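Trainee: Position one of the sequence shown corresponds to residue 661 (my numbering), numbered consecutively onward.
The beta-carbon is built from N, C-alpha and C at its ideal position, and this holds for glycine as well.
Fair warning: this is a prediction, and the values are worked out from it, not measured in the lab.
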Amino acid sequence: MKRVAILISGSGSNMAALARDMTGDHPARPVLVVSNEPGAGGLEKAADLGIETAILDHRQFRGDRAGFESRLNDVLQAHSLDIICLAGFMRILTSQFIDRWAGRILNIHPSLLPKYPGLNTHARAIEAGDREAGCTVHQVTADLDAGPILGQARVPIYPDDTRASLAARVLEQEHLLYPAVLRAFASGSESLVHLPAPGETPINAELGD
Ligand code: GAR
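(1) State buried or exposed for Q812, treating a residue as buried only when at least 16 other CB atoms are found within 10 Å of its CB.
(2) Taking the runs of the alpha helix (DSSP H) that are 4 residues or longer, which of them lie wholly in the segment 774-838?
(3) Answer yes if the segment 718-726 comes into contact with the segment 771-779, meaning at least three C-beta pairs across the two stretches below 8 Å, and no otherwise.
(4) Are there 16 or more other CB atoms within 10 angstroms of the CB of I752, so buried, or fewer, so exposed?
(5) Within 7 Å: the Cβ of P770 and any heavy atom of the ligand GAR?
(6) How long is the line joining the alpha carbons of V853 and I809, rounded to whole angstroms?
(7) Could you please give the first and the last residue of the uninterrupted beta strand (DSSP E) stretch that includes N674?
(8) In angstroms, rounded to a whole number, what distance separates the CA positions of A783 and L842?
(9) Since R814 and L772 are thought to touch, with beta carbons under 8 Å apart, how far apart are those beta carbons, to the nearest angstrom?
(10) Nearest by alpha-carbon distance to G684: which of Q799, V693, M661 is it?
(11) Which of helix, strand or coil does DSSP assign to R689?
(12) Let me check you understand the geometry: is the CB of N674 closer than 7 Å to at least one non-hydrogen atom of the ligand GAR?
(13) Can you find a heavy atom of the ligand GAR that lies under 7 Å from the Cβ of I758?
(14) According to DSSP, simplified to helix, strand and coil, what is L667?
(15) Looking at C-alpha atoms only, which residue of Y818, S755, R663 is the closest neighbour of Q646?
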């Protein structure tokens, strides 16, 4: 059974989707949720799900990024983890940290990478006049939001969309995509996971499978 830590900064809805999926024949279990924000709503969700939580407030390290990451590394090491899932974790990790956990860190990003790495993805997609948006789960490497892609899900952008309406539509897909990718990854598969867009017929269904 693979041991998974989930790192969050906010409401933790992706964390909860991952944790809820890790039951039964799932090859992994959630053993720890870490937040860098003491007030993150996801901490209560994790506790309600019976998962151990830890708070590591980056502000207490006063700009000492190496110190923050060294402490984070200690907390993670102490739990003998196999996989780290970043789920709305809004701190950039250095290559020193990432190298220690190479090939074992996943992230979900609210855009169709390689489009729109970084912040404000939904506003940028609307501003650019894009007709579709989505989310990506990828392996974390030292280059921000640029590691190997493990899965994507797409949604349409409508003319009257706001950042909030688009974010909500994408988030629904995040909650399906991230668990599907983690399930595959934890069982040793690195083949691409593709979720059909809402309303799209799955390829298998077209083939009568
Ligand atoms: C999600 O939309 C996630 O894709 C995004 O933050 C949100 C967290 O929501 N992550 C990033 O922007 C990372 N750069 P959640 O706390 O409810 O899962």
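Mentor: In short:
(1) Within the sequence shown, numbered from 1, the residue matching residue 812 stands at position 152. Burial state of Q812 is buried, judged by a 10 Å Cβ sphere holding 16 or more other Cβ atoms.
(2) 781-787
(3) no
(4) Taking the sequence shown and counting its residues from 1, the one referred to as residue 752 is at position 92. Result: exposed.
(5) Residue numbering aside, residue 770 sits at position 110 when the sequence shown is read from its first letter. Yes, Cβ of P770 sits closer than 7 Å to a heavy atom of the ligand GAR.
(6) As a first step, residue 853 is located in the sequence shown; it is residue number 193 there, counting from the start. As a first step, residue 809 is located in the sequence shown; it is residue number 149 there, counting from the start. Going from the Cα of V853 to the Cα of I809 covers about 9 Å.
(7) Taking the sequence shown and counting its residues from 1, one reaches residue 674 at position 14. That residue, N674, is in no beta strand (DSSP E); its alpha helix (DSSP H) goes 673-681.
(8) Counting from one through the sequence shown, the residue named residue 783 turns up at place 123. Counting from one through the sequence shown, the residue named residue 842 turns up at place 182. Going by the C-alpha atoms only, they are around 28 Å apart.
(9) Indexing the sequence shown from 1 puts residue 814 at position 154. Indexing the sequence shown from 1 puts residue 772 at position 112. So it is a contact: roughly 7 Å between Cβ atoms.
(10) The residue labelled residue 684 in the question sits at position 24 within the sequence shown. Shortest Cα-Cα distance from G684 to any of Q799, V693, M661 involves M661.
(11) One-based indexing of the sequence shown puts residue 689 at position 29. DSSP places R689 in strand when its eight states are reduced to three.
(12) In the sequence shown, counting from the first residue as 1, residue 674 sits at position 14. Yes, since a heavy atom of the ligand GAR falls inside the 7 Å radius drawn around the Cβ of N674.
(13) The residue given as residue 758 occupies position 98 in the sequence shown. Answer for I758: no, Cβ out of range of the ligand GAR.
(14) Working through the sequence shown from its first residue, we reach residue 667 at position 7. Of the three classes helix, strand and coil, the one that applies to L667 here is strand, per DSSP.
(15) The structure shown has nothing for residue 646, since the chain only spans 661 to 869.
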